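Heads up: the structure comes next, in structure tokens.
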């Protein structure tokens, strides 16, 4: 059951697709208070109460004990204290024995979630503007509530099947030659690969929808060449449009008057990669239409996927903030003994980026009238995603597209996926990436993954190896790294063969993982879940923070510590462990419900399949289009009859229908046998 | 066996106390190369090889896979990528089945340790200046080698017994009233306490050896009042001396000409807390004598302990670096389109602190002649520790003193302890603190601990609770936090009673922990060890990164994750688990050698005692002086006769002698009995 409670005058965020009447009375499970414009929701928690949700955020799956701020931020440092990353996913499930409910705060502005930081037993959620809808969701289980929430907010985006292939990316691939070398290095070594991302380097002066003619002399031909090798190019698009007369997107944007405005009606201008930029007003339908159409030339040239970036929006600085900064430097130069000021000077310049003052300096022209950006900050990126998706769908209504964004808000999950942003080459970020997945899935973002190997800082061989082992199971499997960091394509490392073998596991599992993903998407389920969602009666399972349920039948438990030669795993029921070394090389071991220490060499990683169920491997291949899934290997601890519903489709048609894609595979198990061959 | 190899002209660091002839030939186990001034030691490692050591550094106990730089740095951000903290402890033990050896790089300048970061199978250690002694240590075990190293470098500092009490600290306790309130709040609630640290706030304008008369109108009387309440005040002393005529330490330093000099012979001046400061030349014996004598007025007033800070030395900026910084700001103001420059501007000001260029701008006058600071950077802090210790010993040769420093170098372990520097209120820093302890112990620093609750950032109730549970076992047990962070004295929190009870465990165990500490110090043993050192044949034990052996008979396994209700523990042999809730309240459970999942509520934590051995609790008390250890409770899984050598002394006399302090306690065990009362 879903109830809606309305406070103030909510701005329509686009998150919700069901139209509900607002209920009377107070929001159950909370005490509601008001302080000026703020609306504050308080809840006293029992010691055993847990909180799942908040989508893309740091720390554990159980969010209790920390303070979060829904405020989309280009935050490159995902340390464990960060209150905000790039997205606002204000959906939580409160969970304790005998009581479970979900709550969604549909508010495009700043919302703080003090989930037991100030007082261990109290959750305090504050809407700063006080204009919001609160949705209260009840059901018999966390899973049912998560499903209900998807019905409230609409079905998840489904990418084309090739997007489940391995994707190589790096900030720094300048042109054709660089990309060709990357592809060649993978193909020569038989490292499977389906895509290469182009970061901002491909553009002319970082101008959206341009590409450097000297580096891509014949863009269309190069796209064709890559496609012959079964490689898709996936270019980046940023939010800002360079303020430069003669640059067509800027000229057309000016002509249609679709940029965000300052108080005085002039365009709001801030610096990002291309220099001074105007910012499309993604809250304005006409601006979205104009921006979406800008993708068409790239589609025309053969591009089938994009990643949208810098759409929090990230701002390096404005003239106003710059003027204030230099004034402070000048003051400081004359006040050398003001030590606190001198220290702060570093932060004055570093802190110009994404400055709250700048977000108060511009406005949107919406169907609801003019509104200051800081009131609706968190839906800007979702607006960009929506504009892009609409534009692509207008051009090619019959084909699925790949799209993933850095910034997001619930609702954008209907139009695209997200990646987890600019993580570091830190061991702790493997665990963080894993722990973020169920929250993203709860919020509808099924197609996601982290920058494997880590974006910032230098990776190491063992770190990349362990990152990839998580990536085998995440829908988006992309190796990505920043300019000036160590090269981290698999083939750069001494033990590249072990990592290649890891990628072959992804390809062997791909038809199965695609089936599990599509079933989850089309049934409004989560692809990754905390164990608590599947075993709510098992107190031990509820507290497991470093394992995930995957699809209907599996569980993963990645290694995320340096120099580890194994790890502990808690099995909430009997399972078969597949200890993978490659798509063809693995051990099988039936393990009983209990605690286990699993030995895992650097290039070994496990998948656990529930007893009585089975997973499927195909023969593998070096790209998704070459996978042969006519004959499948079933792996399971099955002692009687068992069946699996395999979902399969052409991988590109829009509006996939679950029933049309399902085939039932059956086998007859017997004690001591774990492997079967099945013809599809 | 120890062999010494000499390269170039080593500067005497004071680390080593044995005089060895340099051996001929190459350093065994390494390939030695030269590049210009650099000397480079390379070693190919087998996959199973582990590396212990490097003292105070981030990441796991096994240091393999990361790059470290011995370069003492005021680094407030102990994230997992940091190559340097405040100390240089260049001693490592390479460890693999069938081969173990130690190696010490006695070099006061920059040494890099690429321990498998660039290539997973290669350790590359580079002395940048190429002037060093390398000591190669062989023995039958890692423990034996660590002992041998202590014999090479001298016995560990032993603090007075009261220093093992709980110490409360905070940057921000301004004067008597604040300290009195802290003490009162502890005593009223029966939270045991033995000391309060005074951070820089107590001084006049941050000037060393001064105290604010308005806040401490009668310093001696206040010291006396505190001592009556069994509280010691522990003031901080920084390295820099304010450049201010009329300020006695500056005037006397000028008169004796004991400050570090620039190339032109003028004093080197840089900004730290007091403003522009001169820096005592701790490499000059006369400067050390002068500086050590400055402590005497404080000793005279009744102070018995100090902490030395900012002695890397930390530098905020110099006039030279400031001039360069403002010039860059001015350039940037005129080149707004230079984006990389604009970004870098934040770092220009933040990066002025501890700037390598500044470390090349000054010189030391040593018995070996004039030498540029950057050649000997890493022994500056050790020189300050030595000066302080000499000064105190001249004043009171018959009493032990408390002294712990932020910066250190091997050799300083003979004169004082160290704390682990400015950690954060991060969960990962509980684990980091634990993992740092054995490395510090290997390097001779037995008296150490971290800032419990975390120094920077805001702590939370549960985080502080778990920090304290580690702190119960670390020789230095200090709660410390930074200005502008959340107050984190135990009594600030709703569940203060649970944390108080945790501190009572420390006091109940104190006679036992003191005995274990003193035996380790006087036998050149480590108080904390990786399990690998005790169970080298047990492959599982060797890889355990989150448990420590404590003393002869015990093992600890702290909880370091938020919202955890237990943890896994690997028992390398049968042990009795004591699950503590307070010094009087605990469960006892015999557990067999194996893996165990241990349930642990927020205020519960375990100590494991080897089967056949026992630990001891006294009745407890609210300060060390009130502990009654005439009757002890022995806890053990003992089924036959067992004995324990209890070390006990008056807690203050210098040169404690092991034999004089030992008493043998005996008991007769029987199956099913775990508790005995023993009269000492």
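Chains as they are written, first to last, in the working numbering: chain S, 994 to 1673; chain Z, 994 to 1673. Virtual Cβ for every residue (Gly too), placed ideally from N, Cα, C. Source: prediction; values computed, not measured.
Helix or strand or just coil, what does DSSP make of residue i?
i, result
"residue 1653 (chain S)", "helix"
"residue 1498 (chain S)", "helix"
"residue 1369 (chain Z)", "helix"
"residue 1126 (chain S)", "strand"
"residue 1511 (chain Z)", "helix"
"residue 998 (chain S)", "strand"
"residue 1220 (chain S)", "helix"
"residue 1641 (chain S)", "coil"
"residue 1587 (chain S)", "strand"
"residue 1073 (chain S)", "coil"
"residue 1282 (chain Z)", "helix"
"residue 1462 (chain S)", "helix"
"residue 1031 (chain S)", "strand"
"residue 1611 (chain Z)", "coil"
"residue 1490 (chain Z)", "helix"
"residue 1105 (chain Z)", "strand"
"residue 1384 (chain Z)", "helix"
"residue 1276 (chain S)", "coil"
Pick from the options: whose alpha carbon is nearest that of residue i?
i, options, result
"residue 1244 (chain S)", "S:1312, S:1127 and S:1270", "S:1270"
"residue 1073 (chain Z)", "Z:1081, Z:1060, Z:1193 and Z:1003", "Z:1060"
"residue 1739 (chain S)", "S:1096, S:1003, S:1001 and S:1008", "Limits of chain S in this structure are 994 at one end and 1673 at the other, which puts residue 1739 (chain S) out of reach."
"residue 1576 (chain Z)", "Z:1184, Z:994 and Z:1111", "Z:1184"
"residue 1679 (chain S)", "S:1279, S:1527 and S:1019", "Because chain S spans 994 through 1673 in this model, residue 1679 (chain S) falls outside it and cannot be assessed."
"residue 1232 (chain S)", "S:1264, S:1673, S:1640 and S:1024", "S:1264"
"residue 1482 (chain S)", "S:1180, S:1134 and S:1360", "S:1180"
"residue 1386 (chain Z)", "Z:1370, Z:1284 and Z:1524", "Z:1284"
"residue 1031 (chain Z)", "Z:1099, Z:1043, Z:1643 and Z:1124", "Z:1124"
"residue 1170 (chain S)", "S:1137, S:1188 and S:1209", "S:1209"
"residue 1399 (chain S)", "S:1391, S:1392, S:1412 and S:1405", "S:1412"
"residue 1495 (chain S)", "S:1156, S:1186 and S:1297", "S:1186"
"residue 1167 (chain Z)", "Z:1194, Z:1157, Z:1178 and Z:1152", "Z:1194"
Residue i and residue j look like a contact to me (Cβ under 8 Å); what is the Cβ gap, rounded to whole Å?
i, j, result
"residue 1048 (chain Z)", "residue 1448 (chain Z)", "Going by Cβ atoms, the distance from residue 1048 (chain Z) to residue 1448 (chain Z) rounds to 19 Å, so no, they are not a contact pair."
"residue 1162 (chain S)", "residue 1471 (chain S)", "5 Å"
"residue 1033 (chain S)", "residue 1117 (chain S)", "6 Å"
"residue 1338 (chain S)", "residue 1342 (chain Z)", "4 Å"
"residue 1450 (chain S)", "residue 1478 (chain S)", "6 Å"
"residue 1550 (chain S)", "residue 1539 (chain S)", "7 Å"
"residue 1234 (chain S)", "residue 1242 (chain S)", "5 Å"
"residue 1565 (chain Z)", "residue 1534 (chain Z)", "4 Å"
"residue 1355 (chain S)", "residue 1254 (chain S)", "6 Å"
Which residues mark the beginning and the end of the alpha helix (DSSP H) in which residue i is found?
i, result
"residue 1012 (chain S)", "It is not in any alpha helix (DSSP H) - residue 1012 (chain S) carries neither H nor E in the DSSP assignment."
"residue 1270 (chain Z)", "Element bounds for residue 1270 (chain Z): not the alpha helix (DSSP H) but the beta strand (DSSP E), 1268-1271."
Could you tell me the boundaries of the beta strand (DSSP E) in which residue i lies?
i, result
"residue 1063 (chain Z)", "1060-1063"
"residue 1399 (chain S)", "Counting along the chain, residue 1399 (chain S) falls outside any beta strand (DSSP E), and DSSP gives it neither H nor E."
"residue 1603 (chain S)", "1598-1603"
"residue 1561 (chain Z)", "1559-1564"
"residue 1247 (chain S)", "Not the beta strand (DSSP E): residue 1247 (chain S) falls in the alpha helix (DSSP H), residues 1241-1249."
"residue 1225 (chain S)", "1225-1231"
#### Entry: Every unbroken beta strand (DSSP E) within the stretch 1287-1366 of chain S, with a cutoff of 3 residues, ordered by chain
1298-1302, 1356-1359 and 1362-1365
### Query
What runs of the alpha helix (DSSP H), each 4 residues or longer, lie entirely inside the stretch 1131-1210 of chain S?
1135-1146 and 1169-1182
### Task
Can you check the stretch 1414-1442 of chain S for any alpha helix (DSSP H) of at least 4 residues that lies completely inside it and give the ranges in chain order?
1421-1435
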